[in-house]
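**Q**
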Amino acid sequence: MACLTMAIGVAAVACGDATTVPATPAIQPGTAGSPREVNLITKDYSFLPDVLDLVPGETVLLHVVNGGLAVHEAILGDDAVQAAWESAEAATVGSPPGPTPVVSVAPQVRGLRIVVRSGERVDVAWTVPSAIAPWSVGCHIPGHLARGMVIPIRWVDRL
Ligand SMILES: [Cu+2]
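Everything in the sequence shown is counted per our numbering, starting at 1 for the first residue and increasing by one.
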């Protein structure tokens with residue numbers, strides 16, 4: 001607060017060395033007894049944040065909030081998972097208006113899928129796999145990925 005007051009009073013005064021300030025708060029990995037709360041926002045047509053930080057092996061309580069008007073989903077998984085859902089959901093193009101058609105993929109490429117309707121919040125407790133591989137979060141409702149609904153997962157630390 002004092003720093004803020006100084007900044008307002010003397011705009012030219014810097015509040016410490018910006019290079020020493022981390023971009024995001026340090027992450028305290030979640031546990032089964034105390035999951036780390038993680039917010040993931042879907043919009044028409046993007047995710048916030050633009051990188052999802054996860055610790056391999058931690059337990060998180062994901063809060064997926066749809067701030068857009070369209071139905072969205074968050075699929076967490078590696079490239080094989082993303083490709084499987086993109087292919088499965090492409091088959092629904094041309095479906096009549098209404099709820100998203102039911103689709104499924106093989107268990108080994110299922111990943112984690114969370115579907116959220118406009119204005120809805122879905123909470124999911126989830127233990128992050130320990131294996132490190134390139135993962136991402138994608139929305140594979142037809143056309144959404146191409147419009148920008150994919151972000152990388154950044155593995156930030158090991159338990
Ligand atoms: Cu979407």
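C-beta atoms are modelled at their ideal positions from N, C-alpha and C, and glycine is treated no differently.
Keeping to the same chain, check which residues put their C-beta closer than 8 Å to that of Ala-106; ignore five residues upstream and five downstream.
**A** Beyond the five residues adjoining it in sequence on each side, Ala-106 comes within less than 8 Å, by CB distance, of Ala-84 in the same chain, given in chain order.
**Q** Let me know the secondary structure DSSP gives Ala-70 once reduced to three states.
**A** coil
**Q** Hey, is the region 37-46 in contact with the region 56-71, meaning 3+ C-beta pairs nearer than 8 Å?
**A** yes
**Q** How many angstroms separate the CA atom of Ala-90 from the CA atom of Pro-35?
**A** 34 Å
**Q** Is the beta carbon of Ile-141 within less than 6 Å of some heavy atom of ligand 1?
**A** yes
**Q** Whole beta strand (DSSP E) runs in the region 89-151 with 3 or more residues, listed along the chain?
**A** 112-116, 121-127 and 135-138
**Q** Could you give the distance in angstroms between the alpha-carbon of Arg-154 and the alpha-carbon of Pro-134?
**A** 8 Å
**Q** Alpha carbon to alpha carbon, what distance is there between Val-128 and Leu-40?
**A** Distance between the alpha carbons of Leu-40 and Val-128 is about 15 Å.
**Q** Would DSSP call Val-55 helix, strand or coil?
**A** coil
**Q** On the DSSP bridge assignment, give the partners of Asp-165 in chain order.
**A** With the chain running from 1 to 159 in the structure shown, residue 165 is simply not present.
**Q** Would you report the Cα separation of Val-109 and Val-103, rounded to the nearest angstrom?
**A** 13 Å
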